[in-house]
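S.K.:
Residue numbers (the working numbering): -16 to 213.
1) With 16 other CB atoms within 10 Å as the buried threshold, where does residue 80 fall?
2) Assuming contact is defined by CB atoms lying nearer than 7 Å, are residue 113 and residue 142 in contact in what I supplied?
3) Taking one C-beta from the region 67 to 83 and one from the region 47 to 59 each time, how about it: are there three or more such pairs within less than 8 Å?
4) How about residue 177 and residue 157: do their beta carbons lie closer than 7 Å?
5) If distances are taken between C-alpha atoms only, which option among 36, 186, 103 comes closest to residue 129?
6) Return yes when the Cβ of residue 15 is within less than 7 Å of the Cβ of residue 55, no when it is not.
7) Pull up the distance between the alpha-carbon of residue 101 and that of residue 208, whole angstroms please.
8) Just mark residue 162 as buried or exposed, buried being the case when its beta carbon has 16 or more other beta carbons within 10 Å.
9) Verify whether the separation of the beta carbon atoms of residue 19 and residue -3 is less than 7 Å.
10) Residue 11 by DSSP, collapsed to three states: which one?
11) With DSSP as the reference, please indicate the residues paired to residue 195 in a beta bridge.
12) Along the beta strand (DSSP E) that carries residue 118, what are the first and last residues, could you check?
13) Return the Cβ separation of residue 150 and residue 116 in integer angstroms, given the expectation that the two are a contact with Cβ distance under 8 Å.
14) Could you tell me how far apart the beta carbons of residue -6 and residue 43 are, in whole angstroms, since I believe they sit closer than 8 Å?
15) By a C-beta neighbour count over all protein chains shown, 10 Å radius and 16 as the cutoff for buried, is residue 147 buried or exposed?
16) When DSSP labels each residue in this structure, what does residue 156 get in the three-state scheme?
17) Can you give me the Cβ contacts of residue 72 inside the same chain, cut-off strictly under 6 Å, excluding the 5 residues immediately before and after it?
18) In three-state terms, what does DSSP make of residue 165?
19) Enumerate, from N- to C-terminal direction, the unbroken beta strand (DSSP E) stretches of 3 or more residues contained entirely within the region 57 to 98.
20) By how many angstroms is the C-alpha of residue 82 removed from the C-alpha of residue 193?
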């Protein structure tokens, strides 16, 4: 199992995501970085642990309010060895191919951004993109056919519980287990609510391939020794 740090970009800087309420997000304040500049924040995260992968959400692009491509390029240039999973709200093949062709990272196909299952079906069982199954509360965000047809899923799948992001409520183990039970041999990653090493252990026991984490790192509730033990 691996831990994947998350940064959320809005207006060119890293913001602190809480419970999926994007209108309330504010610039990140963290002991790991003196600023909310993305390069500074990533550098700070890498002082905690040599993470091989970073998850980046371009919230402006997801909300169709511009994008943070310039900042993404700065991260790529500063940390060329880092694998980046990029959720920029891609909803068509052109957006996916543009990200791949520019070598800016692996596209994340968020279910909340899709009109139908066509884009996901195009890359079924592929490892060049990542599928995020997005939930708000008990409601699946996106076309129901995506959730109902695991055969369409990519080889890596995130179970994203948006209301638990930054909440300190703990991961939704029941939902994670339900998705994993129908996912076949795919890698399943948990996102939202991870508080500490005990939550990481619980997810590992549940069969998680990894967990996306942010707040727990910045609040130092997950530290280097916890990550080394995974």
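Backbone N, C-alpha and C fix where the C-beta goes; we use that ideal spot for every residue, glycine too.
M.R.: In short:
1) exposed
2) no
3) yes
4) no
5) 103
6) no
7) 42 Å
8) buried
9) yes
10) coil
11) -13, 174
12) 113 to 119
13) Contact flag wrong, Cβ pair sits at about 18 Å.
14) 7 Å
15) buried
16) helix
17) 44, 45, 96
18) coil
19) 66 to 70, 89 to 93
20) 23 Å
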